[in-house]
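Let me begin by presenting the structure, written as structure tokens, before commenting on it.
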Amino acid sequence: MDGANHSVVAEFVFLGLTNSWEIQLLLFVFSSTFYMASMMGNSLIMLTVISDSHLHSPMYFLLANLSFIDLAVSSVVSPKMIYDIFRKRKVISFGGCIAQIFFLHAIGGVEMVLLTAMAFDRYVAICKPLHYLTIMSRKMCILLLVAAWIIGLTHSVIQLFFVIKLPFCGPNVLDSFYCDFPRFIKLACTDTYRLEFMVTANSGFISLGSFFTLIVSYIFILISIRKLSSSASSKALSTLSTHVMVVILFFGPCIFVYIWPHPTSHLDKFFAVFDAIFTPFLNSVIYTFRNKEMKVAMRKICHQFIILSRIS
Numbered sequence: 166m167d168g169a170n171h172s173v174v175a176e177f178v179f180l181g182l183t184n185s186w187e188i189q190l191l192l193f194v195f196s197s198t199f200y201m202a203s204m205m206g207n208s209l210i211m212l213t214v215i216s217d218s219h220l221h222s223p224m225y226f227l228l229a230n231l232s233f234i235d236l237a238v239s240s241v242v243s244p245k246m247i248y249d250i251f252r253k254r255k256v257i258s259f260g261g262c263i264a265q266i267f268f269l270h271a272i273g274g275v276e277m278v279l280l281t282a283m284a285f286d287r288y289v290a291i292c293k294p295l296h297y298l299t300i301m302s303r304k305m306c307i308l309l310l311v312a313a314w315i316i317g318l319t320h321s322v323i324q325l326f327f328v329i330k331l332p333f334c335g336p337n338v339l340d341s342f343y344c345d346f347p348r349f350i351k352l353a354c355t356d357t358y359r360l361e362f363m364v365t366a367n368s369g370f371i372s373l374g375s376f377f378t379l380i381v382s383y384i385f386i387l388i389s390i391r392k393l394s395s396s397a398s399s400k401a402l403s404t405l406s407t408h409v410m411v412v413i414l415f416f417g418p419c420i421f422v423y424i425w426p427h428p429t430s431h432l433d434k435f436f437a438v439f440d441a442i443f444t445p446f447l448n449s450v451i452y453t454f455r456n457k458e459m460k461v462a463m464r465k466i467c468h469q470f471i472i473l474s475r476i477s
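Residue 166 is where the sequence shown starts when you use the numbering used here, and the numbers rise one by one after that.
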């Protein structure tokens, strides 16, 4: 390779999820339903946090940004997947495939850092409550958000820099319903062993490392909770369990896709669908139904909308 991309492949063909019409119909109904529910749920969380002054705190600032990320990550893959379900020939342009990979990893990197920031926020709130507002100031929250975007974009650009130079001269069939590094790299007309290892190290081991770092931090917080009163301890445990569930939902599929040595097509596709459609929906449900302040604020927002609709 001389640094230039000599690709002759103009588009890639997806094999999709299944050839069974009945399963395709079921997938279409469920995917469309959960995607719309995810869009509405996360949009409502963002609107509620922005509108309600009682929720203008560091925890809800980070939560609103997580909802925005969930909106973005589901929109990168889901609309194209839903559109392609009944199509016999599922294709995506070379540029579209590259763009999908870029945004998928950039947004994933941002969410990874954002979840770590939320864990730090809970640590400060539970272990250093008297210094919480001083440490988690507005400036600190903005710095954490900026750092998340810088790290996410850098992570994606570095990987894409090496992949975009690969030559694609023939095979263009992806046994998937979206573009991602592992299957994309295998179609290149050159030896990609080192590049595959780099992608695994960059995405897989970073995901695994971040996941265990978060779990260790939650264990440390649990130890600290034992010193609190029973009421404060139960409230902290409820909040903490919410965060742990979201972390597991996010990192579980990532670790499987990038670390598992012999991935199978069916499991890969199952985790991909789960990560793209169900996880953003479940995140909004978990943070809504396990948080009394959010439920009260959402009822107020919905009540205001009902009144405005009747007036108009």
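Just so it is clear, CB atoms sit at the ideal spot from N, CA and C, and this is done for glycine as well.
Remember, it's a predicted structure, so these values are computed and weren't measured experimentally.
Between which residues of its own chain and residue i is the CB-CB distance below 8 Å, once the five residues before and five after are set aside?
| i | result |
| --- | --- |
| Phe327 | Leu360 and Met363 |
| Phe385 | Tyr288 |
| Ser372 | Met277, Phe416, Cys419, Ile420, Tyr423 and Ile424 |
Please go through the same chain and pick out, in chain order, the residues whose beta-carbon is closer than 6 Å to the beta-carbon of residue i, but skip the five residues on each side of it.
| i | result |
| --- | --- |
| Met224 | Asp286 |
| Thr453 | Met459 |
| Ile300 | Val289 |
| Leu180 | Asp340 |
| Ser368 | Tyr423 |
In angstroms with no decimal places, state the Cα-to-Cα distance between residue i and residue j.
| i | j | result |
| --- | --- | --- |
| Phe199 | Val174 | 34 Å |
| Ser321 | Met211 | 26 Å |
| Gly417 | Ser389 | 26 Å |
| Thr183 | Ser258 | 21 Å |
| Leu228 | Ser474 | 28 Å |
| Phe377 | Thr407 | 17 Å |
| Ile420 | Phe370 | 8 Å |
| His468 | Lys457 | 17 Å |
| Asn337 | Ser239 | 25 Å |
| Leu310 | Leu279 | 7 Å |
| Tyr423 | Ile472 | 49 Å |
| Pro347 | Arg303 | 39 Å |
| Arg391 | Ile291 | 11 Å |
| Ser243 | Ala441 | 6 Å |
| Gly168 | Lys293 | The pLDDT assigned to Gly168 is 48, lower than 50, so where the model puts this residue is not dependable; a value taken from the coordinates is nonetheless given after this. Roughly 52 Å separates the two Cα atoms. |
| Ile380 | Leu191 | 36 Å |
| Phe193 | Tyr297 | 46 Å |
| Cys354 | Ile329 | 13 Å |
| Gly206 | Ile476 | 25 Å |
| Asn448 | Lys245 | 22 Å |
| Phe226 | Phe436 | 29 Å |
Tell me the residue span of the alpha helix (DSSP H) that contains residue i.
| i | result |
| --- | --- |
| Ser258 | Here Ser258 belongs to no alpha helix (DSSP H); instead the beta strand (DSSP E) covers Lys255 to Ser258. |
| Ile471 | Lys457 to Ile476 |
| Pro347 | Phe346 to Lys351 |
| Pro223 | Pro223 to Asp249 |
| Ser368 | Unbroken run through Ser368: none, as it is neither H nor E. |
| Ser218 | Taken as a continuous stretch (DSSP letters only), Ser218 belongs to no alpha helix (DSSP H), as it is neither H nor E. |
| Pro445 | Thr444 to Phe454 |
| Leu298 | Tyr297 to Ile300 |
Relative to the alpha-carbon of residue i, which residue among the options has its alpha-carbon at the smallest distance?
| i | options | result |
| --- | --- | --- |
| Ile215 | Arg475, Met463, Ile472 and Asn337 | Met463 |
| Phe177 | Asn367, Phe251, Ala202 and Cys262 | Cys262 |
| Phe443 | Gln189, Met204, Phe179 and Glu187 | Met204 |
| Tyr383 | Ala366, Tyr358, Asp356 and Val411 | Val411 |
| Phe470 | Phe179, Phe195, Ala202 and Thr213 | Thr213 |
| Val481 | Leu192, Phe195, Phe226 and Ala202 | A question about residue 481 goes unanswered here, because the residues of the chain that appear run from 166 up to 477. |
| Phe333 | Thr357, Ile315 and Ile307 | Thr357 |
| Asn230 | Ala313, Gln189 and Gly335 | Ala313 |
Quick one: what does DSSP say residue i is sitting in, helix, strand or coil?
| i | result |
| --- | --- |
| Met166 | Summary for Met166: the model assigns pLDDT 44, below 50, so the residue's position carries little reliability; its value from the coordinates is reported in the next sentence. Note: Met166 maps to coil in three-state DSSP. |
| Leu325 | helix |
| Val173 | coil |
| Leu331 | coil |
| Leu339 | strand |
| Thr183 | coil |
| Met305 | helix |
| Asp356 | coil |
| Arg252 | coil |
| Lys434 | helix |
| Arg287 | helix |
Which residue marks the beginning of the beta strand (DSSP E) containing residue i, and which one marks its end?
| i | result |
| --- | --- |
| Phe177 | Glu176 to Phe179 |
Cutting at 7 Å between CB atoms, please list the residues of its own chain near residue i, excluding the five before and the five after it.
| i | result |
| --- | --- |
| His197 | According to the sequence shown, residue 197 is Ser rather than His. The answer, listed in chain order, is Ile247. |
| Ile272 | Ile234, Ala237, Val238, Val241 and Gly317 |
| Asp345 | Ile266 and Leu269 |
Between residue i and the ligand HEM, is there a pair consisting of the residue's CB and a ligand heavy atom that are separated by less than 6 Å?
| i | result |
| --- | --- |
| Val411 | Here there are no bound small molecules, and the ligand HEM is not part of this structure. |
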